[in-house]
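Adding 46 to a residue's 1-based position in the sequence shown gives its number in this note's numbering. Ideal Cβ placement from N, Cα and C applies to all residues, glycine included. For clarity, every value in this text was computed on a predicted model and none was experimentally measured. Worksheet: one structure, shown below.
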Amino acid sequence: MSRPEHPRVAAVADLLDEAGAAGEVLELPAGARTAAAAAAQLGVPVGAIANSLVFDAGGAPLLVLASGAHRVDVDRVGALLGVPPPVPGTPDFVRRHTGQPIGGVAPIGHPEPIGTLVDVELARYERVWAAAGHPHAVFPTTYDELLRLTDGTPAEVGTGPSAMSEVAP
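Shown next, in the form of structure tokens:
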């Protein structure tokens with residue numbers, strides 16, 4: 047595969063290589079700022095898309111890698127962490143803490159480590175897809191590899207009676 051042209055995407059690709067990740071970065075012809083858009087272009091279930099959502103947890107960034115099949119329950123996340131419910135990061139907050147734009151935040155490659163929760167819903171899929179630093183770039187991975195790459199904590203973060211149930215995005 048050729049090296050990605052966008053510098054941020056190339057940096058994520060290099061980090062994936064250094065970490066021994068199995069998948070290669072794929073640049074999509076159309077933007078994939080949402081799980082539904084990414085799933086449609088990749089021909090995969092929306093639940094197999096790992097949304098990278100950056101929250102402001104009392105001034106500190108929190109990355110939640112959530113299945114595209116449901117929404118993050120901020121009350122549940124706050125209770126899990128023992129803090130008030132986190133709020134979605136503003137575009138400036140997200141860029142400051144990740145160096146990447148909303149809609150393209152990779153699970154890795156941030157200026158400083160970010161505490162990360164990885165949705166247990168993603169474990170249902172043999173292959174999951176995550177952003178690679180830009181809304182036009184993604185990479186395939188597995189749930190276990192995502193945990194390893196991010197040093198993340200498995201968590202039930204979704205809405206509904208169980209994070210293991212499919213609900214509309």
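From the listed residues HIS182, LEU88, ALA65, ALA176, the smallest Cα separation to LEU99 is found for ALA176.
Apart from sequence neighbours up to five positions away, the residues of its chain that approach LEU195 with a beta-carbon distance below 8 Å are LEU62, ALA65, ALA67, PRO153, ILE154, THR187, ordered along the chain. Around the beta-carbon of VAL110, 16 or more other beta-carbon atoms lie within 10 Å, marking it buried. Across the set ASP190, ARG141, VAL184, TYR189, the C-alpha of VAL184 shows the shortest separation from the C-alpha of ALA76. LEU163: member of the beta strand (DSSP E) spanning 161-165, first to last residue.
Shortest Cα-Cα distance from ALA169 to any of SER113, PHE139, GLY150 involves SER113. Taken in chain order, the unbroken stretches of beta strand (DSSP E) that lie wholly in the region 95-165 and span 3 residues or more are 95-103, 106-113, 161-165. Annotation for ILE160: PRO107, LEU109 place their beta carbon closer than 6 Å to its own, counting only its chain and skipping 5 residues before and after. Per DSSP, reduced to three states, the secondary structure at VAL58 is helical. Secondary structure note for THR196: its alpha helix (DSSP H) is the uninterrupted segment 189-196. Taking THR199 as the centre and dropping the five residues before and after it, the same chain places the C-beta of LEU163 closer than 6 Å to its C-beta, in chain order.
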